Amino acid sequence: MEVVICPTHDDLSIRAARIVAELLRAKPDPVLGLPIGSTPIGLYHELVRMHREEGLSLARARTFNLIEYVGLGPEHPQSSHRFMRQYLFDHVDICPDKVYAPSGLAMDLDAHCLFYEQQIADCGGIDLQVLGIGTDGHIAFNEPGSSFSSRTRRVALARQTIDDNARFFPSRQHVPLMAVSLGIGTILEARRILLLASGPNKAGILAAAVEGIINEMCPASALQLHEHVTVLTDESAASRLTVSAGQRR
Ligand code: GLP
11 MEVVICPTHD DLSIRAARIV AELLRAKPDP VLGLPIGSTP IGLYHELVRM HREEGLSLAR
71 ARTFNLIEYV GLGPEHPQSS HRFMRQYLFD HVDICPDKVY APSGLAMDLD AHCLFYEQQI
131 ADCGGIDLQV LGIGTDGHIA FNEPGSSFSS RTRRVALARQ TIDDNARFFP SRQHVPLMAV
191 SLGIGTILEA RRILLLASGP NKAGILAAAV EGIINEMCPA SALQLHEHVT VLTDESAASR
251 LTVSAGQRR
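In the working numbering, the protein residues as written are 11 to 259.
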């Protein structure tokens, strides 16, 4: 794991955008896995800026959303469909037919999850998977206890996740209890992974994920098993790491 400690969330966002942009320049048709959450918003703002001011093109990129809440349609304000359009897709030259997202409304969710996995495989696998981290260590919506070999599937959200995400909904009662999430096994097959962590509320779980024992009660610790992970963290989220900036392990 390469751990990069950035002074602020803005620096982290710029650094993350440069990594995405470098990939887009080296391989114009990459397959990107993209997260929702407050942490990656700065990355998406910076990609939009690079598109407008520096001609960065996503025209040939293919993208896969990481998750969707079960029961939310693509127009729901808290759906990952809508989030990605609002922060990125509506502002860059991405082709709508190259945007892939799990549906939270599929009649047969199990079949839909298999189909989503097949779509990733048909695109040649994910080149760069961007991730945030939940305060309980989840990646995508793989909650504590998720198997490291899990695939895209329907998952139950942990109470802590529902509490954390209640801020995005009118009330806690509005937060869906279930989601469709890429599996940890699916995520670990990405060729490169970028984990973003920001804010003091992530300090403890980031230390557990990066420096703690690899175990399924801390889903993000699975990333220690992957050969090409870059952790971009701001100083507040890095405050409980013993690693020094830029150290590769
Ligand atoms: C949600 C998403 C995760 C994200 C997490 C952290 O639960 N499914 O992919 O990593 O939120 O979000 P935030 O960046 O807002 O802390």
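Backbone N, C-alpha and C define an ideal beta-carbon position, used for all residues, glycine too.
The structure displayed is predicted, hence computed values, not measured ones.
DSSP state of residue i, grouped into three classes?
i    : result
C123 : helix
L115 : coil
A137 : Just to set this straight, residue 137 is Asp in the shown sequence, not Ala. Three-state DSSP puts D137 in coil, outside helix and strand.
R258 : Below a pLDDT of 50, predicted positions are generally treated as unreliable, and R258, at 48, falls in that range; the measurement from the model is reported next regardless. The answer is strand: DSSP assigns R258 an E or B state.
R95  : helix
P27  : What sits at residue 27 in the sequence shown is Ala, not Pro. Note: A27 maps to helix in three-state DSSP.
N225 : coil
T162 : coil
E85  : coil
E153 : coil
I15  : strand
L44  : strand
T261 : With the chain represented from 11 up to 259, any question about residue 261 goes unanswered, as that position is not in the structure.
R70  : coil
Which whole-angstrom value is the C-beta distance of residue i and residue j, which I expect to be below 8 Å?
i    : j    : result
A248 : L216 : 7 Å
H101 : V140 : The Cβ separation is near 17 Å, so there is no contact.
I203 : P229 : So it is not a contact: roughly 13 Å between Cβ atoms.
Between the options, which has its C-alpha nearest residue i's C-alpha?
i    : options                : result
P87  : V165, P186, R28        : P186
L42  : G134, H122, E85        : G134
A36  : A121, P106, D137       : D137
A189 : Q170, N211, A150, I51  : A150
A71  : E85, D103, T145, P84   : D103
E237 : R201, R163, G144, G222 : R201
S191 : A218, F178, S90        : S90
T18  : T252, E245, T49        : E245
L205 : I130, G142, C123, G83  : G142
D20  : G209, V220, V239       : G209
R164 : I77, A218, V13, R95    : I77
Y110 : M117, D120, D118, P84  : P84
L66  : P38, V14, N75          : P38
Just to confirm my understanding: we take residue i, look at its own chain, exclude 5 residues before and 5 after, and list those with CB closer than 6 Å. What are they?
i    : result
A213 : A247, S249, R250
R259 : Residue confidence is low: R259 scores 49 on pLDDT, short of 50, so the model does not pin down where it sits. Its coordinate-derived value is still stated next. Hits under 6 Å: M11.
I51  : Y97
A176 : R182, V185
I224 : S231, Q234
G144 : T171
K108 : R72
Which residues in the same chain as residue i place their Cβ atom closer than 7 Å to its Cβ, once the five residues preceding and following it in sequence are excluded?
i   : result
F93 : I46
If you drop the 5 nearest sequence neighbours on each side, which residues of the same chain put their C-beta closer than 8 Å to that of residue i?
i    : result
E199 : G135, I136
E56  : S23, I24, A26, A27
Subject >> Segments assigned beta strand (DSSP E), at least 3 residues, entirely inside the region 173-253 >> reply: 188-191, 202-207, 239-244
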